[in-house]
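A.B. asks: Be aware that the sequence shown starts at 444, since it is given in my numbering, and climbs by one per residue.
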Amino acid sequence: MTETEPHISSSSTECASKNQAVAIVTDSAAALTESLLANHKIHVASMEVTVGDETFVDGPDGALDDFYARLRTTDKLPTTSAPKPGAWLEAYGVAANQADAVFCITLSASLSAAYDAARVASEMAETELPCTQITVFDSKGAAGSEALIVLECARMALTGKSLDEIHERAKIISEQVRLVAYLDTLEYVHRSGRVPKIAVWATNLFNIKPVMEFTAGRVGSIARPRSRSGAYKRLLKEVTKDMIGRRAHINVMHADAEDEAQSLMGELAERLECEEIFLTQFHPFMGAHTGPGLVGVSYWGE
């Protein structure tokens, strides 16, 4: 994966102290629900998704509730774009109203231009928001992995931890968190240019439901079961093996496969000691690249 250094902006301008030391900003690829965002005072810069001739703002507001139905019937793959610097700057401005500093966590720089755009916005903020120190951090993860980092940092921010403390914690979790998921087909990943057509042909021919991993330094297939039930069992086995005996932080994810995801979350909650466990659905930005039918788990342990 591409190595990225966090970008830190600062100013020598004398400024009044705010009620909070640090506020957290992220992008909508983390797919956090409205309640999680509100409860943790997290600010979001939204991705954009174009379906046919219409462009929608990515997020949990329900504007694309029928997205996966559209995805199943459209001949064209939806196109996606990261938040532009202006969107990041707007999010920084809202966050700066409540805190002295901003810690921004983005989708992996290897997957999106979100990190680069957030850095550009932080440079713009040196003029626009001279009283706010901004650190931009590449999560090296996606979806639930990004979400778990964001939530841990937000909890620290709410308890008054410093920007340096939050930054150090984010680095530790980004190296630990693991994402494993199974896909219904590789067709959508192929359309995104990430796997060859022959891989799609083979998985469709043999009804393979590939189990994939996306973790800092490790990306690719880890199993090729020939049924969704087999893929489900492998996912359950992977998470249980890694988290048994540890306090687990778990985000179960799905792309229009809620029943399976709910079942998986229930089994994990019974088997493991969970510090946190919650369910999210992929927002369109991520779902456009995986297709419907994905079930996945991001997790790290203490």
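For every residue, glycine included, the Cβ atom is placed at its ideal position computed from N, Cα and C.
Could you give the uninterrupted runs of the beta strand (DSSP E) lying entirely in the segment 454-486, keeping only those of 3 residues or more?
C.D. replies: List check, beta strand (DSSP E) in window: 463-470.
A.B. asks: Might you give, ordered along the chain, the residues of its own chain that have their beta carbon closer than 6 angstroms to the beta carbon of E719, omitting 5 neighbours on each side?
C.D. replies: So the qualifying residues of the chain are H692.
A.B. asks: Is DSSP giving H633 helix, strand or coil here?
C.D. replies: With a pLDDT of only 47 at H633, under the threshold of 50, the placement of this residue in the model should not be trusted, and no figure is reported.
A.B. asks: Just the C-alpha distance for E608 and E533, rounded to the nearest angstrom, thanks.
C.D. replies: Cα-Cα distance, rounded: 25 angstroms.
A.B. asks: Pick from A530, F546, L626 and D501: whose alpha carbon is nearest that of A464?
C.D. replies: Nearest option by C-alpha distance: F546.
A.B. asks: Which residues in the same chain have their Cβ closer than 8 angstroms to the Cβ of K519, if we skip the five residues on either side of it in sequence?
C.D. replies: Within the same chain, K519 has close Cβ partners G495.
A.B. asks: Can you tell me whether E701 is buried or exposed? The criterion is at least 16 other CB atoms within 10 Å of its CB, across all chains shown.
C.D. replies: So E701 counts as exposed.
A.B. asks: Could you tell me whether the segment 681-698 touches the segment 717-736, using the rule of 3 or more Cβ pairs below 8 angstroms?
C.D. replies: As far as the Cβ criterion goes, the segment 681-698 touches the segment 717-736, which means the pair count is three or higher.
A.B. asks: Under a three-way DSSP split, which group does S741 fall into?
C.D. replies: Of the three classes helix, strand and coil, the one that applies to S741 here is strand, per DSSP.
A.B. asks: Do L626 and G536 count as a contact pair if the criterion is CB distance below 9 angstroms?
C.D. replies: No; because the gap between Cβ atoms is not below 9 angstroms, this pair is not in contact.
A.B. asks: What residues match up with T523 in a beta bridge as DSSP calls it?
C.D. replies: Partner(s): V492.
A.B. asks: Apply the 10 Å Cβ neighbour rule to G502 and answer buried if 16 or more other Cβ atoms are within range, or exposed otherwise.
C.D. replies: By the 10 Å Cβ count, G502 comes out buried.
A.B. asks: In its own chain, which residues sit with a C-beta less than 8 angstroms from the C-beta of Y558, not counting the 5 before and 5 after it?
C.D. replies: Around Y558: T447, T549, L550, S551, A552, V579 and D581.
A.B. asks: Rounded to whole angstroms, what's the CA-CA distance from T683 to T575? Just pull it up for me.
C.D. replies: Between T683 and T575, the C-alpha separation is close to 42 angstroms.
A.B. asks: I need the boundaries of the alpha helix (DSSP H) containing R667, first residue and last residue.
C.D. replies: Note, R667: premise wrong, no alpha helix (DSSP H); not H, not E.
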